[in-house]
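Working notes, beginning with the structure itself.
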Ligand SMILES: *[C@@H]1O[C@H](CO)[C@@H](O)[C@H](O)[C@H]1NC(C)=O
Ligand SMILES: *[C@@H]1O[C@H](CO)[C@@H](O)[C@H](O)[C@H]1NC(C)=O
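In the working numbering, the protein residues as written are 74 to 577.
Written out as structure tokens, the structure reads:
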């Protein structure tokens with residue numbers, strides 16, 4: 074009896090969410106990867122050490138399964154096979170990133186590594202052969218260690234270094250690349266790598282390094298935008314954006330006004346930290362962030378705030394420097410009330426928010442942080458539309474982790490439900506979403522999770538020297554979706570366990 078009622082409710086919910094199935098005219102689909110997560114070849118052909126090489130070699134215990142990016146998926150050697158898989162999927166575009174340390178081994182422009190240029194030229198040519206558009210990320214976390222030794226993103230000199238590196242990339246590859254991403258997930262860089270030890274270089278300067286990083290990173294992003302806009306766009310005619318990641322926060326009790334207000338504060342600290350300076354008329358950091366950090370700093374007896382505000386020059390220089398709003402989205406967490414989150418260090422970004430959060434929401438995945446909450450995706454997109462002046466959006470990452478199942482019904486269900494939510498806001502709320510990027514083409518080196526959390530459409534056997542790639546069921550699901558521009562309804566994509574139960 075109880076079982077029957079639960080099944081009936083699920084059916085209603087499911088058909089309610091799946092109302093829209095067809096994507097609008099011109100909507101494009103792709104998959105994403107990142108250099109350090111797939112390329113391998115870490116110490117050959119002139120590439121130098123990056124911060125992830127350093128972390129994984131010097132502190133291997135920090136990686137869940139002790140793996141590293143030395144070989145990863147060996148895409149440095151197997152790029153042609155990867156491109157064949159992309160062609161099989163039928164994607165419109167392929168999002169990948171350039172390895173700074175492969176192109177500029179010292180991090181600076183004193184020496185351009187010919188083999189780095191050759192590798193990316195070969196990849197671009199292989200993509201062109203199959204009519205797959207490149208969407209290229211300039212920086213996806215693998216900073217040359219030589220620049221980290223000078224302070225990395227905490228050093229204001231990074232503004233010049235990133236601009237100089239980007240100049241080389243625009244010059245060498247810009248004739249074939251029409252879509253660029255400057256920086257992937259600034260929050261993860263500044264908070265997780267400088268304000269914590271969750272990502273390389275694991276500086277853990279909580280409450281301090283994170284804000285030094287955002288100051289330099291936003292300026293560096295803006296300089297690269299202007300370089301492209303002023304110098305390269307007139308000839309190359311491309312587009313350039315930043316990819317900002319969310320964990321979307323919702324109140325655990327939507328009727329509780331205090332929780333609702335705190336969820337907004339948390340979203341400003343998380344997404345607004347990087348989006349507000351670029352995508353609002355006002356510019357600069359969100360007001361609530363400036364206030365909270367100033368108050369906390371005062372309470373700590375500091376002479377000035379740990380978060381420095383941009384001056385008028387930089388507010389103007391940073392504003393408007395992204396042609397689209399690139400959103401990486403996976404999950405939603407909850408805000409339960411005011412106070413200091415029990416896991417917050419002191420001082421820290423999390424303590425500065427002044428809210429207690431929980432991940433106890435939605436279905437689970439192989440990643441502790443990744444809860445399945447499709448309605449949160451819809452709410453994030455509505456919020457972005459109203460907060461950022463209806464900016465045109467690309468979803469530059471979205472995906473689901475498991476332990477490497479070939480019949481990956483969990484991933485298919487996730488994609489189906491998140492894409493239904495996406496269609497809903499496109500049609501019902503007129504949110505301008507132009508394209509969708511699935512993370513990821515194949516299982517790869519998932520940072521500190523190593524290969525223990527797998528997000529790929531292709532399974533990668535890392536015990537096989539050939540790094541054999543095997544398509545999962547989700548590869549066929551995505552292929553069919555792209556071919557029809559419609560969510561597949563095929564029974565073979567439905568979890569047989571579910572079908573069995575509904576037939577009882
Ligand atoms: C490159 O790294 C591998 C370990 O991944 C090591 O076995 C090899 O000796 C290194 N090669 C060079 C040239 O340093
Ligand atoms: C980009 O360049 C165009 C053409 O010169 C200019 O009108 C526009 O203001 C520039 N964008 C930004 C954000 O500076």
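Heads up, the beta-carbon is just placed ideally off N, CA and C, and yes, glycines get one too.
All values reported here derive from a predicted model rather than from experimental measurement.
Reduced DSSP category for residue i - H, G, I as helix; E, B as strand; rest coil
i, result
"residue 428", "strand"
"residue 319", "strand"
"residue 100", "coil"
"residue 169", "strand"
"residue 240", "helix"
"residue 90", "Unreliable positioning characterises residue 90 in this predicted model, as indicated by a pLDDT of 47, which lies under 50. The coordinate reading is nonetheless provided below. In the structure shown, residue 90 sits in a helix (DSSP, three-state: H, G or I)."
"residue 559", "strand"
"residue 373", "coil"
"residue 217", "strand"
"residue 411", "strand"
"residue 568", "coil"
"residue 124", "helix"
"residue 507", "strand"
"residue 107", "coil"
"residue 365", "helix"
"residue 313", "strand"
"residue 327", "coil"
"residue 379", "coil"
Residue j beta carbon less than 8 Å from that of residue i
i, j, result
"residue 186", "residue 177", "yes"
"residue 272", "residue 214", "yes"
"residue 134", "residue 109", "no"
"residue 343", "residue 320", "yes"
"residue 394", "residue 461", "no"
"residue 472", "residue 101", "no"
"residue 242", "residue 208", "no"
"residue 513", "residue 106", "yes"
"residue 495", "residue 450", "yes"
"residue 280", "residue 420", "yes"
"residue 226", "residue 286", "yes"
"residue 267", "residue 283", "yes"
"residue 23", "residue 164", "Past the edges of the chain, shown from 74 to 577, lies residue 23, and the structure says nothing about it."
"residue 613", "residue 294", "Residue 613 lies beyond the stretch modelled for the chain, which goes from 74 to 577, so this question has no answer here."
Element boundaries [alpha helix (DSSP H), containing residue i]
i, result
"residue 207", "No alpha helix (DSSP H) holds residue 207; the beta strand (DSSP E) holding it covers 206-212."
"residue 307", "306-309"
"residue 154", "148-162"
"residue 257", "Not the alpha helix (DSSP H): residue 257 falls in the beta strand (DSSP E), residues 252-257."
"residue 448", "447-460"
"residue 498", "482-501"
"residue 284", "282-300"
"residue 351", "346-352"
"residue 387", "385-391"
"residue 358", "Counting along the chain, residue 358 falls outside any alpha helix (DSSP H), and DSSP gives it neither H nor E."
"residue 444", "Element bounds for residue 444: n/a, residue is neither H nor E."
"residue 194", "187-202"
Burial state of residue i, where buried means 16 or more other Cβ atoms lie within 10 Å
i, result
"residue 153", "exposed"
"residue 336", "buried"
"residue 99", "exposed"
"residue 375", "exposed"
"residue 148", "buried"
"residue 576", "Any answer about residue 576 is weak, because its pLDDT of 46 lies below 50 and its placement is not dependable; what the coordinates show is given next. Label assigned to residue 576: exposed."
"residue 131", "exposed"
"residue 580", "Outside the shown range of the chain, which is 74 to 577, sits residue 580, and nothing can be said about it."
"residue 170", "buried"
"residue 359", "buried"
"residue 95", "exposed"
"residue 247", "buried"
"residue 542", "buried"
Cβ-heavy atom distance, residue i to ligand 4, below 7 Å
i, result
"residue 294", "The model depicted lacks ligand 4 and carries ligand 1 and ligand 2 instead."
Terminal residues of the beta strand (DSSP E) in which residue i lies
i, result
"residue 544", "542-544"
"residue 133", "Taken as a continuous stretch (DSSP letters only), residue 133 belongs to no beta strand (DSSP E), as it is neither H nor E."
"residue 338", "Not the beta strand (DSSP E): residue 338 falls in the alpha helix (DSSP H), residues 330-340."
"residue 470", "466-470"
"residue 533", "531-533"
For residue j and residue i, the rounded distance between their alpha carbons
i, j, result
"residue 409", "residue 325", "5 Å"
"residue 430", "residue 206", "40 Å"
"residue 478", "residue 398", "33 Å"
"residue 545", "residue 486", "14 Å"
"residue 304", "residue 372", "46 Å"
"residue 510", "residue 469", "5 Å"
"residue 115", "residue 189", "12 Å"
"residue 550", "residue 259", "31 Å"
"residue 521", "residue 561", "34 Å"
"residue 24", "residue 556", "As shown, the chain starts at 74 and ends at 577. That puts residue 24 outside it, with no answer to give."
"residue 526", "residue 519", "7 Å"
"residue 553", "residue 377", "56 Å"
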